[in-house]
Each structure stands twice: as C-alpha cells, then as structure tokens.
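Asker:
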Amino acid sequence: MTLNLDRPDEGEMLAMAASAAEQARRCGADFADVAITWSRHISVELEANDVQLCEQHETWHFSVRAFVGGGMGLAGGDGPPQDLHGTLVRAIELARLAGRDPDFADLPRPNGPLIDARLLDLYDPLVAEMCLPDAARLGRHCIDQARAIDGGILLSGDLTFSASRRAMAGSTGVRMQRAATYAEVDLFAVARDGDDIGSFSDQTVSRHMADLRVAPLAGRVVRLAREYQHARPCRSGTQTLVLAPLASGSLLGSLAAATSAERLRRGRSPLARLRGQAVVSPLLTLADRPLSPRGIYTSSCDSDGSPRRDVEMIQSGVFAEPLNNHYHARLWGEPNNGHGTRQGEISPTNLQVAPGSQTEAELIADVGEGIYLQAGSLDPDPASGDFSSALDFARRIEKGRLTWPINDAMAAGNLLEVLSRVDGVSSDYRSDPGLILPAIRIRDVQISGTQ
Amino acid sequence: MNDLTAKLLDCCMRAVRQGAAFADARCTVGQGTALTVQDGRAENLSSHSYHGVGVRVLVDGAWGVSSCDALTESAMERARISALAAARAAAGARRDAASVGQMSPLVDCRQPQVRLAFDAWPLTRKIARLLELERAGAAAAGGHGLNSVLTYSEGTRHQQLANSAGTRIGQCLPHCRVAYTITAAVDDVRQQATEFKAHLGGLELLTELEPEPFSVRAASNVLRQCRARPAPSGVMPILFHPSITGLLAHEALGHNAEADTYWAGQSILQDKLGQPIAASGVTIVDDATVPGAYGSFAYDDEGVPAARNVIVRDGVFVGLLHNLETAARYGVAPNGCGRVEDHSCQPLARMSNTFIAPDPAGPTVERMIRSIDRGLYLAEGHEGYVLPERGLFVCRADSARLIRDGQLGDWLRDVSVSGLVLDALTRIEQVGSDFEMTMPGVCGKLGQGVPTDCGGPHVVVSEMVVGGID
C-alpha cells in the first residue's frame, strides 16, 4: 500500500495505519496502534519593523505503539511512512524488552461512533490555502498598523498558517481520521527611549481565519509596550494580587494539569489524596472541554482512540474528578474521559474557568493597594505546587486604579494555598477558541520588591 | 566529501542561477533511542528516526526557507523551488535588504569523538544499568519516596551542509542524556529533586555513571528539601554556586549578546558595545570548542568554524555572537554562532557553552561565605529565563542555604532570585578561583532548541531580590 505524497488523503492514511496495526498483531504484539500525520505550514517572521523571511514546510510523522505483556514499545519517524513494517517490528522488539505491567489489560475498543467531525469545525480552507505572498502582506500590514499608532515602536513576531491530516488505527478496531487547520499571529512590541524600555507580546490563535483577531492585537501590544516604560521598584510584603487572564492561566492551568490520574497515582501532584475535598476557593470551577467547536485543543478522541468527554475537575473549589485515560479508568473502575497521550500520560485540553460576577475592572476597583499581573507565568512546581516567580509584566494598584509598572519584583507561595485565597473571579474573560480564562483576585500574596 | 554534500552544493548553485544572491542547503539524518524506568519497571521504550533537507535562499535582500522530510533529489528540488518562491514573497514586503558577507569556502568532514559507541551495549544491558541507578535512588529515599523516574536518551545526528560560496561541511554529533527525578514527602511536605547529566559523546556517560553522585544524591537532596525551611523574601547579598553563575552568564548576559536580538532592538545592551557593563574583573565567554561539552560543535550550522568568543572582558562589553547575516550587518567576520534545531529551521545567533571566567587570584568559596553577614548561598542551579529587552532575568535554585555571620546556616527550599541585568553584573563583587560547567540543557529561542552548557566560578552579587515566603 502506498500513499499519494502530493495529495495526502486521510482515507488512504487510515487504511495504511489499519493494515499496519493488524500486521503488528500478527507479528507478535498483543495490541498495537499506528498513527500517521501529514502537515504543511507556512510562516512569516517579522523582525525590527521588517519582514525577515518567509518559510514553507511539509512534514510527515508516523509512529507505531506495540504492547507485549503490558510493556510498551514506541517506534516512529519523520518522513513519509515508507517502511511501516520495519517500524512495527522495532516497536515490538522494544515492547518485549519493557517490563511487564500487570495492570495493563488492553487498548480501547470501538465504543459507538465518534462525534461528527463537522460539528467540531476544525478545518477552514481559507487557512489551508493561505499563500506566502498574502501572509507576507498581512505581516507587513501588522507592522504598518503598529507604526501608524506609534512611529517609535519596534515590532517583531511571526504569522503561521498550517493544515494537517491525521489518521490513527488500533488492532482493537479503533479508527480515527481528522483534518484540521491552525492559524497563529504572535506580535512583540518594544518601546525604547534610551535605557527606558517597555515591551509587550501577545498572540491570537484560531482554527478559522474569521476567528483571527490581528487588528486589535497590533494595537494592544503597541499600547501596552508604551505603558510598561517608566517601571519602578515596589515594596515587599503581603499584598493583593490581581491576575489578568494571561497570568491566571499559569496557575489555573497548573491546577488543571494536577488533576491527571497518572500524576495522582504516582504522587506527583499537589492534589494527591485530596479528591472530594475543598482544595481551592469555592469561587473556582474548572472544566476541561475537549469537544468545544473550533477549539485550539479540540479533538473527538484522545491518542488511545478513546472518545473524549467534558470533565468538571474542580467544582466550586472541590476536587471532583480527575482527567484520565483508558488505562487509569480501568485501574480505578471509573468512566474513561479520554485524555490519554501517545506516551501513556494524561494531558488537559481546552481549559474553561467559570466566570464570576464582577468585571475585571470592578475587581481592581475594590483593591486599595496591590499588584496587577498582566502577563507572565507563576510556574508552580508540578509536584509540590510551590512557586517563586518574577512578576514580568505587572503594575501597581493604588486606590482601585492601575498606576505605574513595576520592575524587579517576585511573588511566592503554594498553588493550593494561594488559590484558596481567591476572593474574586471576573465576569469578563479571554476567550481564545475553546478556552475561557477570567481574571482572578488573590488576597495576601507574599511579594518581594526592592523598596 | 560525500555525494550528498555534492548534491546539496548543486542545489545551492541552481538557486543562484535562478536569482539567489546566496543559498545554503542542509540535511539531517539521525536516529535516537529513549528509555524510561519508573518505580522499578522499564517502560516507554522508544526509538525515532528522522531525515530531511532544508534550503535557504536570499533573493532581492529577503530570505526564503523551505524543507521536506525526504532526501531524494526531487525533494531537494521541491525545497529549492519553494524556498525561492518564499524569498520572493518576503521580498515583496521587505523594506531593508539583508545580505551575507564574503566567505572563503571550507570543505571538511568531522567524525564523532566517542569513547564508547552506543551499540557497544545491547539494550538489555542498558536497561539493567538504568534499573540499578533508579532503584538505588528509590531505596535511598526509603519510605518517603513517592515516585522515582529515570529517563535516558541517546542519539546521533549526521549533518551535511553546503552553500553557494562553495562550503561543504559534514559533521556527526552524538548526544547522550540521563535524568533522574524523585518525588518524596516528609510530614506532608512534598518535594521533587532532579539530577541531569548530558554530554556530546557516547555511551561512556552511562557506563561511568555511579548511583552515589547521581540518583542517590537526588534522593538525599529531596529529603533535605522536604525538611528545609521556606526561603526568606527581600533583598540581600547572594553567593552563587557555579551552576547558578552559569545561569547568570547565559540568561542575564548571553541572550542579550546574540546579534539578531541586538539588531532587533530587543537587547538591554543596545548601544553599549565598548562600554563597561559589569564589575571590573568580570570576563564572560561563549566557547563552542570546549571538548565534550554539551553545547560544543566543530562547525556552526552555516559552516563557520566553532570559536571561543569573549563577550565581556574585564567588565567591558566587547563582542556579539553572530550568524552570517548579522556579521554582514555589523561589518565583522562571522564567529560561528549560527545554529539551527534541525534542517527545517533558519540559523539564529545562539550561544554554545557560556561561562564567567574564574579569577586565578580570586577568593575561595569559604572566604566568600565568611565575607557575608546575612545572605543566601544558592547551592544548585535549576533553570532560568530572561526578558532581554527589559533586562529582567530570573534564576531558580534547587537548593539554597542561609548565610549568617559568615557561616552557612539552614537549608532552604523553593528559592528564586531575580534581577536587572545591568544592576546584577555591576554588583558582582567577588569572582572565585574555582570553575565548574555542569548545566547541560536545551536553550529555546523563537521555537528552536539547541544544546548548550553554562558555568563559571562561585561569585558574590552584593544584592538581589529573593522570592520567598518567610
């Protein structure tokens, strides 16, 4: 069986994957699955107010997972799948060398039809057919737009448009095929007056051209780069911290990832042994919604081929349900919610945080003295949840208003302790496709400054 | 020189005949194996192979890059045609023309320097060795251990490069990595500790690795961290272990000295070439020629010989790290810092092995400790990052100790320090006589990761912000 390399077709890819999975079983694997992916992407890089270069790439990737006695071997490669037989033989060799896993029973079997791909709406021909001259003109337009707003700004960034086709087949009869597109524009603005420098970066991502918000993005990064000039030190002590959506995502995303059944079982999560308990503020409800139409992390099934479903991991502050995969669902006797990766781990998809009742502006207006972190990661340790992080893009709040930007300051704490002190979640939020991230307000966060 | 570089050269010359002022083509053929041993069981055994060709052309002052995952002549032709189209698309939107300086053609082929080939041991023996290392760590943590994971990877990348100046370079880069992470809890305090070893070389990294300085050490560290105090917060003098000194050199200074970042107006060092930016006595070097170091290579990914580049000499900012394009912009010779993650990428100006040079007449670490009344000793580096344009950097330590009245005190956990580059460099008040470079890692920039290492001597910075909760 061969593929048409010039016009990749998911149907052909699926047939090839299915044939190889069955062949792997005949060659000695207890279970096997095969994934084949093709993608094409074009990108334009902007540097210092100019178009630096244009790129165009075409890539293939294929991999075979084989299981023998519960041990897993994974073999794969980049390039068209011309020697799948050699790859599956290698995967089986590796699986035989892996240690036996008495808890492994099988790979998922087909369990009813997957959600119709048309409902997920992940493919836009306008993105797939984007050509380089048009992309370069769009890049030039971003620069011209930024310079029209502020002639002193230096703009860099990149624009990427990609289309991919993927097929996966398992020896248990699982079949999946998908076509998707993805567009992303990242812009980075620097405002400089001698040694007084402000900067800001942000992005817009989408599955469809219609969802890409390029014009507001350029204006936003230019304005915020200027606002981050004239930064000053701040004082040390416990203060109220308001995290804008670009910053709250680091803490709330870490909390979502900590609900992985694999990390809970291994003791690598601060939520280990806390299921059913109140772990954070009752104002916080976190859900993972992998079937959101047009979502950035949307797909009908996970990498094992299990159908995905929505999970509300944190309900009003209580750790209600972990993210799992076929292996852990069976191990714990629970329904499979389809969050498995090809490496046997568990990963969140589209994070949606339930909005609150006050706007972000109202959350800030209630703060007498504090700090507003507009962007930057607080990056907790994945096992302990402890963090000690710089406040990269932060501004002082005084009497309910945003004032000057601060520099050289840090925040420290523990993920669960800090999120227990959340006393406000905003009703307005950032909504990259599939995601809902509001601002949150946290009392009594330890801040280190130079004043 | 092999047939493949001749084909790459032919591809470049065709691009020139079709209007390119300069062209280079690179191909990669590689394969690797990775193993994970977790809680006493070998799991996730994987192997990966890859190959492909990338072509870059300069047309009308604009760059175009294209790549395919195949090594056939038709793939090269497709990549060349596509790169030319990409460059023309860029030229239509570009205002300022890029260029490449005059180059003397180089022809060379470098074979790997390995003491023990990866295939000297069968996979079963490697697994047995990894299980031995992992189990030793888990045993050392005793009943406090929650999870013990050892990951191993080996791989060899064969790179071929040609350009329209006539350069044809082949080199082989074997890399070997072992990482061990242990999670433990003592009285409900959960912590994680990691040990990481990596080098440019062969299997000798694994065969010579003993449990005591590796997995057992990580276990000992994690138990100590579980019992350590949270760090204090505030501003204080900091004694840096060489691993943190390396992070300072890499994050605070190195990224700001990458000439493409500098050109784009994204470096805090803008317009400071030739000026003092650090305390006198501070010399910072990026050196891709250190034998066996993780960031070393014979030629960069544009075919320029690897070099030892001084960035700061005795406190004065004296040099940038260049790729071909930035060297032409600044009218200097390229200095071997154009690096790519793989054949599909454009070369960026990158670091290799970056360090603060020791002062042979400098103090010992014991003398440095005695000189501090109240401060911190950051004892093990973990990671860091920098916002080059604003000069803000962060270094995170795996472990640290209080210093009181010139003596080491309690152990601390979760310690990060941040600073402003220009403040921190001028506040280096002591540079030690010792030297260590043991922070191998993958440095990311614009989506590309390349192997790097960093290090230096112990140094004292008179004041920095510590992010703690005590």
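These protein sequences, in sequence, are chains A and B. Those letters in the first sequence? Residues 1 to 451, per our numbering, in order. Those letters in the second sequence? Residues 452 to 921, per our numbering, in order. Note that beta-carbon positions come from the ideal geometry of N, C-alpha and C, so glycine has one too.
Mapping the DSSP letters down to three states, classify B/I823 as helix, strand or coil.
Answerer: In this structure, B/I823 counts as coil in the three-state DSSP scheme.
Asker: For A/L363, write down the residues that DSSP places opposite it in a beta bridge.
Answerer: Partner(s): none; A/L363 has no beta bridge.
Asker: A/M130 by DSSP, collapsed to three states: which one?
Answerer: Coil at A/M130, not helix or strand.
Asker: What ranges does the beta strand (DSSP E) occupy inside the stretch 106-185 of chain A, keeping only unbroken runs of at least 3 residues that lie completely in it?
Answerer: Correct list: 153-170.
Asker: Secondary structure at B/S498, three-state DSSP: helix, strand or coil?
Answerer: Of the three classes helix, strand and coil, the one that applies to B/S498 here is strand, per DSSP.
Asker: Could you say which of A/Q352, A/T59, A/V221 lies nearest to A/A287 if we only look at CA atoms?
Answerer: Here the closest residue by C-alpha is A/Q352.
Asker: Measuring only the C-alpha atoms, how far is A/D379 from B/D454?
Answerer: Each residue's alpha carbon lies about 49 Å from the other.
Asker: Given a limit of 7 Å on CB to CB distance, which residues of the stretch 482-507 of chain B reach chain A?
Answerer: For the stretch 482-507 of chain B, which is checked against every Cβ of chain A, the residues closer than 7 Å are R492, A493, E494, N495, L496, S497, S498, H499, S500, Y501, H502, G503.
Asker: Measure the CB-CB distance between B/H773 and B/N786 and report whether it falls below 7 Å.
Answerer: Their beta carbons are under 7 Å apart, which means B/H773 touches B/N786 by this criterion.
Asker: Under 7 Å, do B/V504 and B/M527 count as touching if we go by C-beta distance?
Answerer: The answer is yes: Cβ separation under 7 Å.
Asker: Can you list the residues of chain B that A/Q446 reaches, using a CB-CB cut of under 9 Å?
Answerer: Near A/Q446 (Cβ distances below 9 Å), the residues of chain B are S684, G918, G919, I920, D921.
Asker: Verify whether the separation of the beta carbon atoms of B/A852 and B/L843 is less than 7 Å.
Answerer: Ala is not the amino acid found at residue 852 of chain B; the sequence shown has Arg there. Against a cut-off of 7 Å, the Cβ pair of B/L843 and B/R852 comes out as no contact.
Asker: If you draw a straight line from the C-alpha of B/V783 to the C-alpha of A/D134, how long is it?
Answerer: When rounded, the distance between both Cα atoms is 35 Å.
Asker: Assuming A/G317 contacts A/A278 (C-beta within less than 8 Å), just tell me the rounded distance between them.
Answerer: Confirmed, Cβ separation roughly 5 Å.
Asker: Short check: CB of A/D428 to CB of A/E360, under 7 Å?
Answerer: Closer than 7 Å, so yes.
Asker: Based on the DSSP output, what are the partners of B/H650 in its beta bridges?
Answerer: Answer by DSSP bridge pairing, in chain order: B/C627.
Asker: Starting from A/A20, trace the alpha helix (DSSP H) in both directions and tell me its first and last residue.
Answerer: 10-26 is the extent of the alpha helix (DSSP H) around A/A20.
Asker: Can you pull the chain B neighbours of A/L132, defined as C-beta to C-beta under 7 Å?
Answerer: Neighbours of A/L132 on chain B, chain order: A536, A537, A540.
Asker: State yes or no: is the beta carbon of B/Q899 nearer than 7 Å to at least one beta carbon in chain A?
Answerer: Closer than 7 Å: no.
Asker: Could one say the Cβ of A/T238 lies closer than 7 Å to chain B's Cβ atoms, at least one of them?
Answerer: Chain B contact via Cβ: absent.
Asker: Tell me, please, which residues DSSP counts as bridged to B/T903.
Answerer: DSSP, once it has assigned bridges, lists B/G892 as partnering B/T903.
Asker: Does any CB atom of chain B fall closer than 7 Å to the CB of A/S208?
Answerer: It is His, not Ser, that sits at residue 208 of chain A in the sequence shown. Not closer than 7 Å to any Cβ of chain B, the Cβ of A/H208 fails to qualify, so no.
Asker: Can you tell me whether A/S236 is buried or exposed? The criterion is at least 16 other CB atoms within 10 Å of its CB, across all chains shown.
Answerer: Label assigned to A/S236: buried.
Asker: Can at least three beta-carbon pairs, one atom from the stretch 437-448 of chain A and one from the stretch 413-426 of chain A, be found at a separation below 8 Å?
Answerer: Touching, yes, given that three or more Cβ pairs across the two stretches are closer than 8 Å.
Asker: On the CB-based measure, 16 or more other CB atoms within 10 Å of its CB, does A/Q177 come out buried or exposed?
Answerer: Answer is buried; the Cβ neighbour count reaches 16.
Asker: Entirely within the stretch 302-389 of chain A and at least 3 residues each: give me those beta strand (DSSP E) ranges in chain order.
Answerer: Segments of the beta strand (DSSP E) lying fully in the stretch 302-389 of chain A: 311-315, 351-353, 369-375.
Asker: Going by the DSSP bridge assignment, what does A/S206 pair with across the sheet?
Answerer: A/A183.
Asker: Just the Cα atoms here: how many angstroms apart are B/G588 and A/Q343?
Answerer: Between B/G588 and A/Q343, the C-alpha separation is close to 24 Å.
Asker: Which residues in chain A sit within 7 Å of B/R841, going by Cβ to Cβ distance?
Answerer: In chain order: I197, S199.
Asker: Mapping the DSSP letters down to three states, classify A/Q52 as helix, strand or coil.
Answerer: If DSSP states are grouped into helix, strand and coil, A/Q52 belongs with the strands.
Asker: Suppose the cutoff is 6 Å on Cβ atoms and the five residues either side in sequence are ignored; what does the same chain contact list for B/R628 look like?
Answerer: Closer than 6 Å at the Cβ level, and outside the excluded window around B/R628, lie S604, A649.
Asker: Give me the chain B residues within the contact set of A/Q343, using Cβ-Cβ distance strictly less than 7 Å, ordered along the chain.
Answerer: Residues of chain B passing the Cβ test: N495.
Asker: Any residues in the stretch 116-141 of chain A with a beta carbon nearer than 7 Å to a beta carbon of chain B? Which ones, in chain order?
Answerer: Answer set for the stretch 116-141 of chain A: L132, P133, A136, R137, G139, R140.
Asker: What are the residues that DSSP puts in a beta bridge with B/H609?
Answerer: B/V480, B/C623, per the DSSP bridge assignment.
Asker: I need the boundaries of the beta strand (DSSP E) containing A/D396, first residue and last residue.
Answerer: The sequence shown places Arg at residue 396 of chain A, rather than the Asp named in the question. It spans 393-398 - the beta strand (DSSP E) in which A/R396 sits, taken as one unbroken run.
Asker: For chain B, find out if any of its Cβ atoms is closer than 7 Å to the Cβ of A/Q23; answer yes or no.
Answerer: No, A/Q23 does not count as interfacial toward chain B.
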